[in-house]
Amino acid sequence: MSILILSDEAQASIHSGLQASQTQEQVDDLIRHNPAVSALLYSAKKIIHQEKYVQIKGLPILNELGWQSFVGYFGEYYGAIERTDIKTDCNYTGCSLNPLVLHNDDAVDLTHQPKYGFIQVTQTDALGIVANGIVLVRELKRKLQFEDPQLLRKLLSHPIPMLSYGINYDDKLKNEIITNEPIIYKSETGEYCVRFDQERNAYFYQMQGIEQSPDEALMIYEFLRHANQIKKKLFLSEGDILIHDNQCTLHDREGCSIKFNLDGTTYTRSIAVSFARYI
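Residue numbers (our numbering): -1 to 277.
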């Protein structure tokens, strides 16, 4: 497990610097030229390339300027910041009380799927730290290569349908998108990658009014069973950022809680999520 931590002195320096910065240029200058942050980002970029994920501790809660500068170090920042907490009246999976199934983000985006995902916990769960899980596709491929090569061949060749209205829940266009691609595929660089969102797969069959074939349902069940067996658990405290290679990993999280205050307001786990594409 790769964890990078800013010292107390470095945390104080970056926190005061961000508070004093009013423009994007000032934030860029702070993040790129602060020796501690510069060294941390350099290390994070090397680790994410090799290990496919890294956890960073000690950064303050990022605002829009901070996100643009931070994410821009890793690739093309395109203005997407999703902020969500936990709700009982939830119209998409990210704010659900229930555990999230292993998936990768924007799986229906065949042309511009983000390369890197960034998750920052802005408020922890009332009952403690909720675990996030991550699975490296290269490790899953190797596991299946020896334990279930027939399943691996199916995952590489059998397409599954997914349906979404818009790329993500914040998409303003809400155009219907239907994809039909294998769950695991090999990229142009030879890396094993993944494209999977069980909710969007189930949504396809719900909206089309047809039943999923038993063979496809079993393939997905076995895929998730094997993936969960090698899943790594990460524990993100408030302010921690998880950076993951969105195309070469799957991620999930445990179930959450909602605390109700005397005045009727709620206290829940909250996160901010952003993305970077290849430059």
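Even glycine gets a Cβ: it sits at the ideal position worked out from N, Cα and C. Given the structure is predicted, the values throughout are model-derived calculations rather than measurements.
Next on the checklist: So, with DSSP's three-state summary, where would you put Gln48?
Outcome noted: Gln48 falls in the helix class under three-state DSSP.
Next on the checklist: Can you tell me whether Ala105 is buried or exposed? The criterion is at least 16 other CB atoms within 10 Å of its CB, across all chains shown.
Outcome noted: Only buried fits Ala105, as 16 or more other CB atoms lie within 10 angstroms of its CB.
Checklist entry - Taking C-alpha atoms, which residue in Leu222, Lys50, Ser14, Lys257 lies nearest to Lys141? => result Nearest option by C-alpha distance: Leu222.
Checklist entry - How about Ile181 and Leu153: do their beta carbons lie closer than 8 Å? => result In contact: Ile181 and Leu153 (Cβ atoms closer than 8 Å).
Item to check | Which listed residue (Ser255, Arg267, Ala18, Leu248) has its alpha carbon closest to that of Glu137 | outcome: Of the candidates Ser255, Arg267, Ala18, Leu248, Leu248 places its Cα closest to the Cα of Glu137.
Next on the checklist: Please give the ranges of any beta strand (DSSP E) in the region 222 to 276, keeping only runs that are unbroken, at least 3 residues long and fully inside the region.
Outcome noted: You should have 230 to 233, 239 to 243, 247 to 251, 256 to 258, 264 to 266, 268 to 275.
Item to check | Residues near Ile121 in its chain [Cβ-Cβ closer than 8 Å; skip 5 each side] | outcome: Reading off the sequence shown, one finds Gln at residue 121, where the question assumed Ile. Correct list, in chain order: Asp83, Glu236, Tyr265, Thr266, Arg267, Ser268.
Checklist entry - In this structure, what does DSSP give as the bridge partners for Ala18? => result In the DSSP output, where bridge partners are listed per residue, Ala18 has none listed.
Checklist entry - With a Cβ-Cβ cutoff of 8 Å, do His242 and Ile132 count as a contact? => result The Cβ-Cβ distance between His242 and Ile132 falls below 8 Å.
Item to check | Coarse secondary structure for Asp178, derived from DSSP in three states | outcome: Note on identity: in this sequence residue 178 is Asn, with Asp being the wrong assignment. In the structure shown, Asn178 sits in a strand (DSSP, three-state: E or B).
Next on the checklist: Let me check one thing: in DSSP terms, what residues is Cys191 bridge-paired to?
Outcome noted: By DSSP's assignment, Cys191 forms a beta bridge with Tyr183.
Next on the checklist: the ligand GTP and Leu125: does the residue's C-beta get closer than 7 Å to at least one heavy atom of that ligand?
Outcome noted: Ligands in the displayed structure: none, and consequently the ligand GTP is not present.
Item to check | CB-CB length for Gly56 against Leu16, believed under 8 Å | outcome: About 13 Å separates the Cβ atoms of Gly56 and Leu16, ruling out a contact at the 8 Å cut-off.
Checklist entry - By Cβ distance below 7 Å, which residues in the same chain neighbour Pro112 in space, the five residues on each side in sequence not counted? => result Cβ within range, chain order: Asp103, Asp104, Asn244, Phe273, Ala274, Arg275.
Item to check | Alpha carbon of Val192 to alpha carbon of Cys93, nearest angstrom | outcome: Answer to the nearest angstrom: the Cα atoms are 23 Å apart.
Next on the checklist: Using only the alpha-carbon positions, how far apart do Asp26 and Leu63 sit?
Outcome noted: Approximately 8 Å between the Cα atoms of the pair.
Checklist entry - Would a C-beta distance cut-off of 8 Å place Leu98 and Arg198 closer than the cut-off? => result Not closer than 8 Å, so no.
Checklist entry - Do you know whose CA, among Val69, Gln196, Ile158, lies nearest Ser211's CA? => result When each option's Cα is compared against that of Ser211, the closest is Ile158.
Next on the checklist: Check this for me: beta carbons of Leu196 and Ile175, under 8 Å apart or not?
Outcome noted: Reading the sequence as shown, one finds Gln at residue 196 and not Leu. With contacts defined by Cβ atoms closer than 8 Å, Gln196 and Ile175 do not form a contacting pair.
Item to check | In chain order, each beta strand (DSSP E) run of at least 3 residues that lies wholly inside the region 37 to 84 | outcome: For the region 37 to 84, whole beta strand (DSSP E) runs of length 3 or above, ordered along the chain, are 51 to 55, 74 to 82.
Checklist entry - What whole-angstrom Cβ distance do Tyr71 and Leu28 have, given they're in contact under 8 Å? => result The Cβ separation is near 12 Å, so there is no contact.
Checklist entry - Alpha carbon to alpha carbon, how far is Val35 from Ser185? => result The C-alpha of Val35 lies about 32 Å from the C-alpha of Ser185.
Item to check | Minimum C-alpha distance to Phe258 - residue among Ala124, Gln22, Lys172 | outcome: Considering only Ala124, Gln22, Lys172, the residue with the shortest C-alpha distance to Phe258 is Ala124.
Checklist entry - From which residue to which residue does the beta strand (DSSP E) around Met160 run? => result It spans 157 to 163 - the beta strand (DSSP E) in which Met160 sits, taken as one unbroken run.
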